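Structure record follows, encoded as structure tokens.
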Amino acid sequence: MSDEIIFHHYGVSPFSEKVRVVMGIKGLRWHAVEQPVIMPKPDLVCLTGGYRKIPVLQIGADIYCDSQMIIRELDRRFPDSALPDGELPGATGLGYPLGFWTDREVFQAAVAIIFGGIGDHVDESFKKDREALTGRPFDTEQMKQAVPLMTEQMRAHMGMLDAQLADGRAFLGGDRPGLADASAYYNIWFVRTVNPAGGSVFDGFTHLTAWEARVKALGHGTRAEMSTDDAIAIAKAAASTTPEQADPNEPNGLKPGMAVQVMADDYGRDPIAGTLVMSSPTEIAIRRQDDRVGEVVVHFPRAGFWVLPG
1 MSDEIIFHHY
11 GVSPFSEKVR
21 VVMGIKGLRW
31 HAVEQPVIMP
41 KPDLVCLTGG
51 YRKIPVLQIG
61 ADIYCDSQMI
71 IRELDRRFPD
81 SALPDGELPG
91 ATGLGYPLGF
101 WTDREVFQAA
111 VAIIFGGIGD
121 HVDESFKKDR
131 EALTGRPFDT
141 EQMKQAVPLM
151 TEQMRAHMGM
161 LDAQLADGRA
171 FLGGDRPGLA
181 DASAYYNIWF
191 VRTVNPAGGS
201 VFDGFTHLTA
211 WEARVKALGH
221 GTRAEMSTDD
231 AIAIAKAAAS
241 TTPEQADPNE
251 PNGLKPGMAV
261 QVMADDYGRD
271 PIAGTLVMSS
281 PTEIAIRRQD
291 DRVGEVVVHF
301 PRAGFWVLPG
């Protein structure tokens with residue numbers, strides 16, 4: 001059981017949907033652990049050291065935070081079904097920078113369209129939680145005012161995708177689905193799921209609509225439910241398989257054994273403290289101890305995260 005995929009998520013999480021689509025593309029079997037939408041999340045933060053955002057991947061006592069890091073690790077562990085980021089020469093890896101675009105620019109447009117439309121019906125506890133997460137007011141009136149502008153922006157983004165599909169290709173990279181498809185799809189899914197009326201923003205993009213149906217049909221792989229107690233017990237019984245590794249070109253002198261703190265550079269900037277295990281241009285991993293889970297190694301992507309002396 002310690003090498004099985006354990007995925008901490010909740011149903012309407014957009015970034016979870018991105019990973020679920022990846023698991024569908026790769027045909028993976030995985031265990032779903034339902035986590036709360038808002039804080040407190042005691043059965044999550046004991047694994048992560050305080051990182052509260054969803055999704056989180058757990059494999060034994062190795063914990064992977066952020067969808068970018070999760071997808072890289074799934075691809076590393078399951079290379080027989082490695083994601084084809086693109087089928088054109090030189091296109092390998094383009095799914096990740098495309099993901100940065102969709103995770104930030106497109107996601108912000110989706111949030112405005114969703115909550116500008118349904119903000120009056122959002123629970124106060126959710127608003128307060130997101131204010132604590134982002135450090136700014138959850139201002140639904142401002143979101144309402146932003147809907148026309150964000151609708152224009154969303155249509156601009158969707159127009160780029162529609163043009164990519166205009167040559168008749170089935171998926172963004174060609175005949176096979178890949179990371180680019182999962183990254184481009186999830187914001188469309190998010191709008192349609194949470195604010196169906198807002199889905200009119202996608203009207204008129206005929207190539208995109210047909211592609212959306214193909215991505216949806218890929219499914220989510222094979223899912224089985226797991227309790228938070230079982231996930232924690234697995235972490236406590238397991239040992240991390242991450243070896244110590246120093247990056248010889250590490251720009252700031254990070255080495256295994258150093259005390260560091262890791263935090264996101266956008267929102268949810270809770271610093272996660274631990275001892276450095278490994279670093280590379282794409283990943284940072286720290287070892288930490290928790291009374292409930294024992295010793296775990298928590299992994300973060302380098303892009304979008306800061307690493308500071310502990």
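For reference, each letter of the sequence shown is one residue, going 1 to 310 in UniProt numbering. Beta carbons: idealized from backbone N, C-alpha and C, even for Gly. Since we're looking at a predicted model, the values are computed, not measured.
Proximity to residue i [Cα-Cα], best of the options
i	options	result
R176	D75, R214, G294	R214
A110	R223, G27, M263, N187	N187
W28	L83, W101, D43, D203	Correcting the residue type first, residue 28 is Leu in the shown sequence and not Trp. It is L83 whose Cα lies nearest to the Cα of L28.
D3	G117, L74, W101, L149	L74
N252	D129, W306, P301, D229	W306
A180	W101, T242, T151	W101
L149	A197, G116, M39, A217	G116
P301	E250, R169, N249, I284	I284
A156	A197, F205, G24, R169	F205
P40	I272, D80, R130	R130
L308	R269, N249, E295	R269
D265	T151, G304, N249, T228	G304
V147	R192, S227, G198	G198
N249	S227, P281, V277	P281
E141	V191, M154, V122	V122
Coarse secondary structure for residue i, derived from DSSP in three states
i	result
Q261	strand
R302	coil
L88	With a pLDDT of 49 at L88, under the threshold of 50, the modelled position of this residue cannot be trusted; read the value that follows with caution. The answer is coil: DSSP assigns L88 none of H, G, I, E or B.
S279	strand
V296	strand
P137	coil
A146	helix
P248	coil
D103	helix
V122	coil
V22	helix
L308	strand
residue 397	Here the chain has residues from 1 to 310 only, and residue 397 is not among them.
D291	coil
Sub-8 Å separation of residue i and residue j beta-carbons
i	j	result
N195	I113	yes
Y51	L133	no
K18	S183	yes
V298	G274	yes
D247	S279	yes
residue 312	H207	Nothing can be reported for residue 312: it is not among the residues displayed for the chain, which extend from 1 to 310.
H8	V56	yes
Q261	G310	yes
> Are the segment 250-261 and the segment 27-47 touching, with three or more C-beta to C-beta distances below 8 Å?
Replying inline: no
>> What ranges does the beta strand (DSSP E) occupy inside the segment 155-232, keeping only unbroken runs of at least 3 residues that lie completely in it?
In response: 222-225
> What are the start and end residues of each continuous beta strand (DSSP E) run of 3 or more residues lying completely inside the segment 34-78, in chain order?
Replying inline: 56-59, 62-65
> Below 8 Å, can you find three or more Cβ-Cβ pairs linking the segment 201-213 to the segment 155-171?
Replying inline: yes
> Between the segment 238-245 and the segment 54-68, do at least 3 Cβ pairs fall closer than 8 Å?
Replying inline: yes
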